[in-house]
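Residue numbers for the sequence shown follow the numbering used here, so the first one is 1 and each next one is one higher. Take a look at the structure below.
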Amino acid sequence: MFDSLKKKLQNIRTKFTSNIEEAAGAEPVPPVTEGFEEAQAGEPEPPVSGEGPEKEREKPTLFNKMKVLVREREVLLREKDIEEPLFELEMVLLENDVALPVTDEIIGRMRKDLVGRQRRIGSSVDDLVASTLRSALCGVLGEGLDLRDFIEARERPVKVLFTGVNGTGKTTTVAKVGNYLQKNGFSVVIGAGDTFRAGAIEQIRTHADRLGIKTIQHQAGADPSAVLFDAVQYAKAHDIDVVLADTAGRFHNRANLMNQLEKIRRVMKPDLVVYVDEAVAGNDAVVRADEFNRAVGTDAVVLTKADMDPKGGAAISVAHTVGKPILFLGTGQGYDDIIPFEPRVVVDELLGDEA
Ligand SMILES: Nc1nc2c(ncn2[C@@H]2O[C@H](COP(=O)(O)OP(=O)(O)O)[C@@H](O)[C@H]2O)c(=O)[nH]1
Ligand SMILES: [Mg+2]
Numbered sequence: 001m002f003d004s005l006k007k008k009l010q011n012i013r014t015k016f017t018s019n020i021e022e023a024a025g026a027e028p029v030p031p032v033t034e035g036f037e038e039a040q041a042g043e044p045e046p047p048v049s050g051e052g053p054e055k056e057r058e059k060p061t062l063f064n065k066m067k068v069l070v071r072e073r074e075v076l077l078r079e080k081d082i083e084e085p086l087f088e089l090e091m092v093l094l095e096n097d098v099a100l101p102v103t104d105e106i107i108g109r110m111r112k113d114l115v116g117r118q119r120r121i122g123s124s125v126d127d128l129v130a131s132t133l134r135s136a137l138c139g140v141l142g143e144g145l146d147l148r149d150f151i152e153a154r155e156r157p158v159k160v161l162f163t164g165v166n167g168t169g170k171t172t173t174v175a176k177v178g179n180y181l182q183k184n185g186f187s188v189v190i191g192a193g194d195t196f197r198a199g200a201i202e203q204i205r206t207h208a209d210r211l212g213i214k215t216i217q218h219q220a221g222a223d224p225s226a227v228l229f230d231a232v233q234y235a236k237a238h239d240i241d242v243v244l245a246d247t248a249g250r251f252h253n254r255a256n257l258m259n260q261l262e263k264i265r266r267v268m269k270p271d272l273v274v275y276v277d278e279a280v281a282g283n284d285a286v287v288r289a290d291e292f293n294r295a296v297g298t299d300a301v302v303l304t305k306a307d308m309d310p311k312g313g314a315a316i317s318v319a320h321t322v323g324k325p326i327l328f329l330g331t332g333q334g335y336d337d338i339i340p341f342e343p344r345v346v347v348d349e350l351l352g353d354e355a
């Protein structure tokens, strides 16, 4: 995952480093010599005028600047030193499906962070660039959300409602999250809230049976609110930690779907509403996420099919534009193909700094 973006970011990083090294090298840093120090010490008298350009260098103000450069050993980065690599970085982000506003924000953060910054000559430019790029990406990705911590902090049962359009991987995600939670020591019950199609009830039931998770279901066409209400009652009666509610992604029309979800929300009172969409959907996902958020609210997002998105930029864009923490990335069709989304880890991965 993210391989193409990762490789390009590494090239860019090298480019930044060499440009900034050049900028540093281009500074007229005079050697520290005895004569130089003396000239500085015996400074009160300005040099006699008309002595030619060499004498110009000995003006007190310039001396002071040199003193900063030489004594403190620092270099000031200027906009023109980083213009070219910033432009290249911008191209790389855009080529890899990072949306324009998100790209602009990353570039803006980096420019603000780098220009005018004083770098100690002894310190590594690579470190400076890496830390600047890292903080720009982290700033754009925001904080993640650890589902285990979320559950630990709440009264049981913790109710999680999954929303999103058909085919994005909602039902698969419910099964994967159930598996993940069981492996982390939580007990789980699944409510088969997609009653719109008989096949949907069978589908979630089959997953749950394979994973040894209890499913609460009614027949096709039943009121999903009633199913999910029952699932919560079951969890209360059996001391189950978490209720995972699958829902339909399609109904007679979109307004009906939203009304149905709103009713579910009132009846089930979820602790967490998770919006599911595909990482590759890019701007479509952003538009849909907004619609679902306005209708039923969204607390967190799962981006599925990240395995089909070698560029990774769309996921970064959706994560940023939706403005809600990303809970998980879906990375395949298996039950274990789900990874908790930790912005710092994603950024480390992108920068090739697994540590
Ligand atoms: N490659 C890949 N396929 C996925 C992922 N998540 C779900 N799918 C597939 O997407 C299709 C639709 O999934 P489903 O859970 O039925 O979507 P729903 O309609 O939103 O409930 C199925 O074929 C899943 O196997 C994922 O992370 N990666
Ligand atoms: Mg489904």
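Ideal Cβ placement from N, Cα and C applies to all residues, glycine included. Here the structure is a predicted model, which means the values were calculated and not measured.
Among the options, the one whose alpha carbon lies nearest that of residue i
i	options	result
Ala-279	Ile-338, Leu-145 and Arg-250	Ile-338
Glu-152	Glu-79, Asp-3, Gly-313 and Gly-185	Gly-185
Ala-289	Ala-200, Gly-164 and Gly-116	Gly-164
Thr-247	Thr-206, Asn-166 and Leu-303	Asn-166
Pro-85	Met-110, Leu-100 and Asp-97	Met-110
Phe-229	Ala-220, Val-243 and Gln-219	Val-243
Met-258	Gln-233, Val-296, Tyr-234 and Gly-282	Val-296
Asp-336	Pro-224, Val-347, Arg-265 and Gly-178	Gly-178
Thr-304	Lys-112, Leu-329, Met-91 and Lys-80	Leu-329
Val-189	Phe-196, Tyr-275 and Ala-237	Ala-237
Gln-333	Pro-157, Val-174 and Pro-101	Val-174
Glu-155	Arg-197, Val-232, Lys-112 and Glu-143	Val-232
Val-276	Gly-169, Ile-107 and Val-98	Gly-169
Glu-105	Gly-116, Ser-135 and Glu-79	Ser-135
Pro-157	Gly-108, Thr-206, Ala-235 and Gly-116	Ala-235
Val-322	Phe-87, Arg-294 and Glu-90	Arg-294
8 Å Cβ cutoff met for residue i and residue j
i	j	result
Ala-222	Lys-159	no
Leu-147	Leu-327	yes
Ala-319	Leu-141	yes
Met-356	Leu-161	The displayed coordinates of the chain run from 1 to 355. Any statement about residue 356 would go beyond what the structure contains.
Leu-93	Thr-103	yes
Ile-240	Ser-317	no
Val-286	Leu-137	no
Leu-351	Leu-133	yes
Pro-325	Ala-300	yes
Leu-211	Gln-182	yes
Phe-292	Phe-251	no
Ala-192	Ile-216	yes
Asn-11	Gly-312	no
Gln-260	Pro-310	no
Thr-171	Asp-194	yes
For residue i: DSSP bridge partner residues
i	result
Phe-162	Val-274
Thr-215	Ile-190
Which of helix, strand or coil DSSP assigns to residue i
i	result
Phe-150	helix
Pro-340	strand
Leu-351	helix
Leu-9	helix
Val-115	coil
Asp-246	strand
Leu-327	strand
Ala-300	strand
Lys-236	helix
Gln-203	helix
Gln-333	coil
Lys-183	helix
Arg-134	helix
Asn-96	coil
Pro-31	For Pro-31, the pLDDT reaches just 43, beneath the cut-off of 50, and the residue's location in the model is therefore unreliable, leaving the point undetermined.
Val-345	helix
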